[in-house]
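Reviewing the structure listed below.
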Amino acid sequence: NAGVTQTPKFQVLKTGQSMTLQCAQDMNHEYMSWYRQDPGMGLRLIHYSVGAGITDQGEVPNGYNVSRSTTEDFPLRLLSAAPSQTSVYFCASSDWTGVGNTIYFGEGSWLTVV
Amino acid sequence: TQLLEQSPQFLSIQEGENLTVYCNSSSVFSSLQWYRQEPGEGPVLLVTVVTGGEVKKLKRLTFQFGDARKDSSLHITAAQPGDTGLYLCAGFRSGSARQLTFGSGTQLTVLP
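For the protein sequence lines, the chains are A and B, in the order given.
Quick note, the working numbering runs 17 ahead of the 1-based positions in the first sequence.
Quick note, the working numbering runs 14 ahead of the 1-based positions in the second sequence.
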């Protein structure tokens, strides 16, 4: 019953540090995505992938990099963390069968940049 | 400016009351979804509406998709404390089928 697994759950970074948020899914889903959630703003799409080797930008991609070398994993990299990237990050996956797909979310990663 | 505007942002009601949450946009969506999120967890899908004018019921929850596919509503009958949570609408815009856009959310608190 793993579903979508995110690590770490909590992280504190200093400005300028780099880190990678890990995301893995065991449902063989082609579609994976990363969102950030900030108070009063809902979830905003950072990057998404429709399959291994394919990634694309979402609404707020600046400051983040992604890669998709396998179907299971979709890591999100912060190359030089900034206080504006303090947020809760959610990874999600879907089998993307058409209109009205079910998207499964991980439990979130709380990131604080000081 | 949010593509999907949700109202109200906060709602605190007594157990047994009815409530409606609205999700509005100037854009057309191929489908709209409603999620519920509890503290410390990711959003969980409640329902997907696809056809303009569609109404779906999930026990005490009724979801409606506007005829023009630009808006949706969630109505809860006889709210219970277990309904407390953050309710999010999200939509797949026509022409952007693989990007799910979220509203800002409605924080519902049902007091016993």
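Don't be surprised by glycine CBs; every beta carbon is placed ideally from N, CA and C.
Treat the numbers as computed from the prediction; the structure is a model and nothing was measured.
Quick check on the DSSP output: the beta strand (DSSP E) that includes residue i runs from which residue to which?
| i | result |
| --- | --- |
| residue 94 (chain A) | 93-95 |
| residue 37 (chain A) | 36-42 |
| residue 94 (chain B) | That residue, residue 94 (chain B), is in no beta strand (DSSP E); it is neither H nor E in DSSP. |
| residue 19 (chain B) | 19-21 |
| residue 49 (chain A) | 48-54 |
| residue 99 (chain A) | Per DSSP, residue 99 (chain A) belongs to no beta strand (DSSP E) and is neither H nor E. |
| residue 113 (chain A) | Premise fails: residue 113 (chain A) is in no beta strand (DSSP E) and is neither H nor E. |
| residue 29 (chain A) | 27-30 |
| residue 70 (chain B) | 69-72 |
| residue 126 (chain A) | 126-130 |
Which residues in the same chain as residue i place their Cβ atom closer than 8 Å to its Cβ, once the five residues preceding and following it in sequence are excluded?
| i | result |
| --- | --- |
| residue 35 (chain A) | 94, 95, 96, 97, 98 |
| residue 61 (chain B) | 47, 48, 70, 72, 75, 77 |
| residue 114 (chain B) | 47, 104, 105, 106 |
Taking the Cβ atom as the reference point for each residue, do residue i and residue j lie within a distance shorter than 7 Å?
| i | j | result |
| --- | --- | --- |
| residue 30 (chain A) | residue 130 (chain A) | yes |
| residue 121 (chain B) | residue 24 (chain B) | yes |
| residue 118 (chain B) | residue 51 (chain B) | no |
| residue 124 (chain A) | residue 56 (chain B) | yes |
| residue 103 (chain B) | residue 17 (chain B) | no |
| residue 46 (chain B) | residue 69 (chain B) | no |
| residue 74 (chain A) | residue 64 (chain A) | yes |
| residue 92 (chain A) | residue 37 (chain A) | yes |
| residue 177 (chain B) | residue 87 (chain B) | Chain B is shown only over 15 to 126; residue 177 (chain B) falls outside these bounds and no answer can be derived. |
If I measure Cβ to Cβ from residue i and keep anything under 6 Å in the same chain, skipping five residues before and after, which residues do I get?
| i | result |
| --- | --- |
| residue 67 (chain B) | 81 |
| residue 24 (chain A) | 39 |
| residue 28 (chain B) | 125 |
| residue 110 (chain A) | 21, 42, 46, 49, 121 |
| residue 76 (chain B) | 89 |
So residue i and residue j are in contact, right, with Cβ under 8 Å, and what is the actual spacing, rounded?
| i | j | result |
| --- | --- | --- |
| residue 39 (chain B) | residue 123 (chain B) | The pair is not a contact, with the Cβ atoms about 26 Å apart (cut-off 8 Å). |
| residue 107 (chain B) | residue 41 (chain B) | 6 Å |
Could you name the residues of the same chain whose beta carbon sits closer than 7 Å to that of residue i, not counting the 5 residues immediately before and after it, in chain order?
| i | result |
| --- | --- |
| residue 69 (chain A) | 85, 86, 87, 88 |
| residue 94 (chain B) | 29, 124 |
| residue 74 (chain B) | 90, 91, 92 |
| residue 22 (chain B) | 120 |
Please identify the residue among the options whose C-alpha is closest to the C-alpha of residue i.
| i | options | result |
| --- | --- | --- |
| residue 81 (chain A) | A:66, A:102, A:67, A:71 | A:102 |
| residue 92 (chain B) | B:32, B:102, B:37 | B:32 |
| residue 72 (chain B) | B:84, B:59, B:83 | B:59 |
| residue 57 (chain A) | B:61, B:106, B:100, B:105 | B:100 |
| residue 32 (chain A) | A:53, A:65, A:100 | A:100 |
| residue 98 (chain B) | B:116, B:85, B:22, B:53 | B:53 |
| residue 44 (chain A) | A:119, A:126, A:52 | A:119 |
| residue 28 (chain A) | A:72, A:105, A:51 | A:105 |
| residue 127 (chain A) | A:90, A:66, A:108 | A:108 |
| residue 112 (chain A) | A:51, A:52, A:83, A:67 | A:67 |
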